[in-house]
Ligand code: GLU
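In the numbering used here, the protein residues as written are 467 to 960.
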């Protein structure tokens, strides 16, 4: 029977969660869920200088926001804890004892200066530039004596002599092979007793029973050395799956130059978690090469490492924005109201959920990011006293000498229309152009400007119905009296 799938996401808290890291987390999560396995979160915080609690907090928040729940890890606990590398020194010490006992590691007393000198000499001579294994030849009692005497030393892995190539059958890239002759007796434990990344990662992955290591191919070059450590510890080697990194359209590795890179930055611009999850999942994986929009359950049901591409994934911000717009449009009015609420209040506006649900169909076509929402709905939510006109709106009234005639007729119609519903308002306003001898477009645009202060707004009749009769009347009166402030729209072409 296949062992139960156990995968991990092991971020280093040296920064916030990057979108590339988020994609790694999504693939691990989806793989675990697909196979009824466990998704483990481990914090690789051995870089004491650059790791912060603040970053760890941001990573946990970002994962939660994306809806990626972990079965074991910080705040979740679990039988293989602790889940912070800095708290796992006992595990590394125990693993070193195993290697001491089986002879697959040895202490090395060479000084940094010696090593540097040898490296330089090897460089000049050409050929193998790794550690020359001087201390591997030390007799056990001699090594033990020097350790007891307190001589500083590191612990190195003893790469077996005459070993075959190191081979990994990568679930994404197929067979990858490295010559064993190029394998250095690299350091596992430093002079101060701390484990290197290479050692800590393998000890943790082994102790945590990780069956599949799904990660970015920037770690591919670490894989042969990690395989050597698994073998030294005499524990099973997990399946590796290295996915291509994400690149910008310019072919360069994704970085700040290409725009926001942290998950929280996308959250703050008003991307929906489901949209970002969908988009990231497609960066290097596909259901069938066609399906673009799918929900979380479909991702879990269909996720397959065999369909992860080894070709570079290209970041396409326009596709992401399009996808986000599609997700916004697919929200029910009630769901939209729930999502919109915080954006509305953060902008200093107020609207109850019923109002937001009524507004939803008017505005979903007009926003691709929730951060754009407040500007679009502002005219519908503020009182007439706070409604400022933009320059185009003010110019429309100033430039059409018949504008006041239209406003006066609209005022009468607005006062009289019964009931004050979308249909009745539409019927009443559609009756205005003919007696005034004006085109419908001229009339409706004039009313639109009075109602919203701008020439571009959500659909007119619906907007007026949402404003209500009193507010609509007040706005028409204010327009007639030119009693509004004009804000500089900065040449904004809206
Ligand atoms: N902590 C490592 C990183 O942030 C990941 C280690 C691994 O996936 O093996 O890149």
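Glycine residues also receive a C-beta, built at the ideal position from the N, C-alpha and C atoms.
Assumed close pair residue 475, residue 507 - CB separation to whole angstroms, cut-off 8 Å:
Here residue 475 is taken as the residue at index 9 of the chain shown, counted from 1. Here residue 507 is taken as the residue at index 41 of the chain shown, counted from 1. Taking a contact as a CB-CB distance under 8 Å, the pair residue 475 and residue 507 counts as one, their CB atoms being some 6 Å apart.
Measure the C-alpha to C-alpha separation of residue 686 and residue 643 and round it to an integer number of angstroms.
For this step, residue 686 is matched to residue 220 along the chain shown. For this step, residue 643 is matched to residue 177 along the chain shown. Just so you know, the alpha carbons of residue 686 and residue 643 end up roughly 11 Å apart.
Tell me whether residue 476 counts as near ligand 1, meaning its Cβ is closer than 6 Å to at least one heavy atom of that ligand.
For the purposes of this step, residue 476 is taken as residue 10 along the chain shown, with counting starting at 1. Yes - ligand 1 has a heavy atom lying nearer than 6 Å to the Cβ of residue 476.
Residue 832 versus residue 518: straight-line alpha-carbon distance, rounded
In the chain shown, the residue the question calls residue 832 occupies position 366. In the chain shown, the residue the question calls residue 518 occupies position 52. For the pair residue 832 and residue 518, the Cα-to-Cα distance works out to about 40 Å.
Can you tell me whether residue 681 sits near ligand 1, meaning its C-beta is under 6 Å from at least one heavy atom of the ligand?
Here residue 681 is taken as the residue at index 215 of the chain shown, counted from 1. Residue 681 Cβ: within cutoff of ligand 1.
Under three-state DSSP, which class holds residue 661?
Counting from 1 along the chain shown, the entry for residue 661 is found at position 195. Reduced to three states, the DSSP call for residue 661 is strand.
For residue 888, does the three-state DSSP call read helix, strand or coil?
What you label residue 888 is simply residue 422 of the chain shown in a count that begins at 1. Shown here, residue 888 sits in a helix according to DSSP, grouped into three states.
By Cβ distance below 6 Å, which residues in the same chain neighbour residue 941 in space, the five residues on each side in sequence not counted?
As a first step, residue 941 is located in the chain shown; it is residue number 475 there, counting from the start. Counting only residues of its own chain and dropping the five nearest sequence neighbours on each side, residue 941 has a CB closer than 6 Å to the CB of 850, 916, 917.
Take residue 843 as the anchor and find which of 861, 860, 824 has the nearest alpha-carbon.
Counting from 1 along the chain shown, the entry for residue 843 is found at position 377. Cα-wise, what sits closest to residue 843 is 824.
Between residue 591 and residue 585, what straight-line distance do the alpha-carbon atoms span, to the nearest angstrom?
On the chain shown, position 125 is the one that residue 591 refers to. On the chain shown, position 119 is the one that residue 585 refers to. Those two C-alpha atoms are separated by around 10 Å.
May I ask you to verify whether the stretch 595–604 touches the stretch 635–653, counting CB pairs closer than 8 Å and requiring at least 3?
They touch, by the three-pair rule.
What is the DSSP secondary structure of residue 472, reduced to helix, strand or coil?
One-based indexing of the chain shown puts residue 472 at position 6. Of the three classes helix, strand and coil, the one that applies to residue 472 here is strand, per DSSP.
Which stretch, first to last residue, makes up the alpha helix (DSSP H) that contains residue 730?
Position 264 of the chain shown, counting from 1, holds the residue named residue 730. Following the DSSP letters along the chain, one finds residue 730 inside the alpha helix (DSSP H) bounded by residues 729–735.
Taking the alpha carbon of residue 788 as the point to measure from, which residue in 798, 765, 758, 865 has its own alpha carbon closest?
For the purposes of this step, residue 788 is taken as residue 322 along the chain shown, with counting starting at 1. The option with the nearest alpha carbon to residue 788 is 758.
Restricting to Cα atoms, I'd like to know which of 937, 838, 679, 845 is closest to residue 735.
Taking the first residue of the chain shown as position 1, residue 735 is located at position 269. The residue with the shortest Cα to Cα distance from residue 735 is 838.
Quick one: does the C-beta of residue 510 sit closer than 6 Å to a heavy atom of ligand 2?
In the structure shown, ligand 2 is absent; the only ligands present are ligand 1.
How about residue 482: is its Cβ closer than 6 Å to a heavy atom in ligand 1?
One-based indexing of the chain shown puts residue 482 at position 16. Outside the cutoff, so no.
Range of the contiguous beta strand (DSSP E) that encloses residue 504
As a first step, residue 504 must be located in the chain shown, where it is residue number 38. Run containing residue 504: 504–507, per the beta strand (DSSP E) assignment.
Hey, is the stretch 750–765 in contact with the stretch 687–695, meaning 3+ C-beta pairs nearer than 8 Å?
With a cut-off of 8 Å, the stretch 687–695 and the stretch 750–765 do not count as touching, because too few Cβ pairs lie within range.
So for residue 676, helix, strand or coil by DSSP?
Here residue 676 refers to the residue found at position 210 when the chain shown is read from its first residue. Residue state, collapsed to three classes: coil.
State the CB to CB distance for the pair residue 846 and residue 924, rounded to an integer number of angstroms; the pair is presumed to be in contact (CB under 8 Å).
The residue labelled residue 846 in the question sits at position 380 within the chain shown. The residue labelled residue 924 in the question sits at position 458 within the chain shown. Between residue 846 and residue 924 the beta-carbon gap is near 7 Å, inside 8 Å, which marks them as a contact.
With respect to 6 Å, is the separation between the Cβ of residue 667 and the closest non-hydrogen atom of ligand 1 below this value?
Taking the first residue of the chain shown as position 1, residue 667 is located at position 201. A distance criterion of 6 Å places the beta-carbon of residue 667 in contact range of ligand 1, judged by its closest non-hydrogen atom.
Bridge partners for residue 484 per DSSP, in chain order?
Within the chain shown, residue 484 is the residue found at index 18, counting from 1. In DSSP, residue 484 forms a bridge with 728.
How would you label residue 960, buried or exposed, when you count the other beta carbons within 10 angstroms and need 16 or more for buried?
Within the chain shown, numbered from 1, the residue matching residue 960 stands at position 494. Low confidence applies to residue 960: its pLDDT is 41, below 50, so where it sits in the model is not reliable enough to give any reading.
Roughly how many angstroms lie between the CA atoms of residue 529 and residue 728, to the nearest whole one?
Here residue 529 refers to the residue found at position 63 of the chain shown. Here residue 728 refers to the residue found at position 262 of the chain shown. One C-alpha to the other measures close to 12 Å.
Taking the alpha-carbon of residue 604 as reference, which of 777, 900, 524, 624 has the nearest alpha-carbon?
Residue numbering aside, residue 604 sits at position 138 when the chain shown is read from its first letter. The shortest Cα separation from residue 604 among 777, 900, 524, 624 belongs to 624.
What beta strand (DSSP E) runs, 3 residues minimum, are completely inside the stretch 539–589?
When DSSP assignments are scanned along the stretch 539–589, the uninterrupted stretches of beta strand (DSSP E) that are 3 or more residues long and fall wholly within it turn out to be 571–574.
For residue 819 and residue 794, I'd like the C-alpha separation in whole angstroms.
Looking up residue 819 in the chain shown gives position 353. Looking up residue 794 in the chain shown gives position 328. If I take the Cα positions, the gap works out to 16 Å.
Report back the beta-carbon spacing between residue 710 and residue 796 to the nearest angstrom; my notes put them in contact at under 8 Å.
To locate residue 710, count along the chain shown from 1; it is residue 244. To locate residue 796, count along the chain shown from 1; it is residue 330. Contact between residue 710 and residue 796 is absent: CB atoms are separated by about 30 Å, not below the 8 Å threshold.
Minimum length 3: unbroken beta strand (DSSP E) runs contained in the stretch 859–924
Counting only runs of 3 or more, we get nothing.
Check the C-beta distance from residue 950 over to residue 853 and give it rounded, since I have them as a contact under 8 Å.
In the chain shown, the residue the question calls residue 950 occupies position 484. In the chain shown, the residue the question calls residue 853 occupies position 387. Yes, residue 950 and residue 853 are in contact; Cβ-Cβ is about 6 Å, under 8 Å.
Which residues in the same chain have their Cβ closer than 6 Å to the Cβ of residue 906, if we skip the five residues on either side of it in sequence?
Numbered from 1 along the chain shown, position 440 holds the residue referred to as residue 906. Taking residue 906 as the centre and dropping the five residues before and after it, the same chain places the C-beta of 899 closer than 6 Å to its C-beta, in chain order.
Contact set for residue 601: own chain, Cβ-Cβ below 7 Å, skip 5 residues either direction
In the chain shown, the residue the question calls residue 601 occupies position 135. If we look at residue 601 and ignore the five residues flanking it on each side, its Cβ neighbours are 572, 573, 574, 575, 576.
Beta-carbon proximity check, residue 879 vs residue 894, cutoff 7 Å
Taking the chain shown and counting its residues from 1, the one referred to as residue 879 is at position 413. Taking the chain shown and counting its residues from 1, the one referred to as residue 894 is at position 428. Result yes, Cβ atoms of residue 879 and residue 894 sit closer than 7 Å.
Given a cut-off of 7 Å on the beta-carbon distance, is the pair residue 765 and residue 560 in contact?
One-based indexing of the chain shown puts residue 765 at position 299. One-based indexing of the chain shown puts residue 560 at position 94. Not in contact: residue 765 and residue 560 (Cβ atoms no closer than 7 Å).
Could you check whether residue 708 and residue 658 sit closer than 7 Å to each other, using their CB atoms as the reference points?
Position 192 of the chain shown, counted from the first residue, corresponds to residue 658. Position 242 of the chain shown, counted from the first residue, corresponds to residue 708. No.
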